[in-house]
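See structure below.
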Ligand SMILES: Nc1ncnc2c1ncn2[C@@H]1O[C@H](COP(=O)(O)OP(=O)(O)OP(=O)(O)O)[C@@H](O)[C@H]1O
Ligand SMILES: [Mg+2]
C-alpha cells in the first residue's frame, strides 16, 4: 500500500535520509525505532511532502505516486500524521476544522450525527466534550494534545496512520487509553500503521508485524517484535 523507494532527504546543510526503502502493505503495523536525531520525524513529514525538505526517490501510495503531491491531497488520499509535537492552531476549533475537512472529503455528516459521533469519541478517550469547541491543541497539555489528535483520527477515518511518538508525554493510564483507542480503530478499519517510538511498552499494546531500526540515514535492520526487546536491552550500538 505504501512503497518508499530510494528516499534521500536533505536540508540546506545536512543529509538526513540516505536511500531508504520501506514497504508497508494494507493492514500491516510497522514500528520504527532509532536514536535521537536520526531522521524518524523527518521521514514522517516527508511522506506528507513537507516542503522544508529536499528529497529524491519515490513514494507510492496505492499505486499512485504521491512523492510531490500537495500535502492536503495526500491527507485526502487517506494518510494521517500524528506529529511528535502537535501544532497549536489559534482561531479555529476542532469542530470547525473537522466539519470543514469532512465536507472537503465528501463525507458530510449532519450536525446531529457529527455531534453524537464526536462526543462518543471524547468519552472513550476520557476527555471533556468541550474539547470539541476549543481551538486546536491551544493551551492543551502534552498528553491532551495527543488525545485531541485522536479525535481527528476517529472523525476522519484515514486508511494509513503515522504515529510519531504518540507515547511521549502520556501518563500510564493515558498510554493505555490511547493505545486501546488505536487498536479499536485498527480492529474496525484495518488501516496500515507506521508507529515511531523509543519504548517497547506501547508496542505491547499496538503489536507490530515488523520493527525497523533507522540509523545512519537508512533502515539498518528489520525484524519482528523481538527486535524491540533487543534494543531495550542492548541499545543501538551494535546495530
Ligand atoms: N527543517 C530542518 N532544518 C534543519 N535541520 C533539520 C530539519 N529537520 C530536521 N533536521 C535535523 O535532522 C535530524 C533529524 O531530525 P528528526 O527530527 O527527524 O529526528 P528524530 O529521529 O525524529 O529524533 P527524535 O528521536 O529526537 O525525535 C536532526 O539532526 C535535526 O536537527
Ligand atoms: Mg522525532
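In the numbering used here, the protein residues as written are -15 to 223. Even for Gly, the Cβ is constructed at its ideal location relative to N, Cα and C.
A residue is called buried when at least 16 other Cβ atoms come within 10 angstroms of its Cβ; residue 146 meets this threshold and is buried. Short note on residue 169: C-beta not closer than 8 Å to any heavy atom of ligand 1. Within the same chain, 176, 193 come within 6 Å of residue 12 by CB-CB distance, once the 5 residues on both sides are set aside. Between residue 16 and residue 58, the gap from beta carbon to beta carbon reaches 9 Å or more. Look at residue 148: its beta carbon is less than 8 Å from one of the heavy atoms in ligand 2. Between residue 211 and residue 133, the gap from beta carbon to beta carbon reaches 9 Å or more.
Here residue 215 is not bridged, per DSSP, to any residue.
In this structure, the C-beta of residue 101 stays at least 8 Å away from each heavy atom of ligand 2. Residue 26 sits close to residue -7, with the two beta carbons spaced by under 9 Å. The C-beta of residue -5 has fewer than 16 other C-beta atoms within 10 Å across all chains shown, which makes the residue exposed. Going by C-alpha positions, residue 165 is about 14 Å away from residue 179.
Any heavy atom of ligand 1 counts here; residues with a Cβ closer than 5 Å to one of them, in chain order, are -5, 0, 20, 21, 22, 23, 24, 25, 26, 36.
In this structure, DSSP gives residue 167 a helical state, which the three-state scheme calls helix. A heavy atom of ligand 2 is found nearer than 8 Å to the CB of residue 180.
The alpha carbon of residue 86 has as its nearest neighbour, out of 140, 51, 149, the alpha carbon of 140.
In the DSSP assignment, residue 85 falls within the alpha helix (DSSP H) that extends over 78 to 88. Per DSSP, the beta bridge partners of residue 49 are 44.
With 16 or more other Cβ atoms from the protein chains shown falling within 10 Å of its own Cβ, residue 128 counts as buried.
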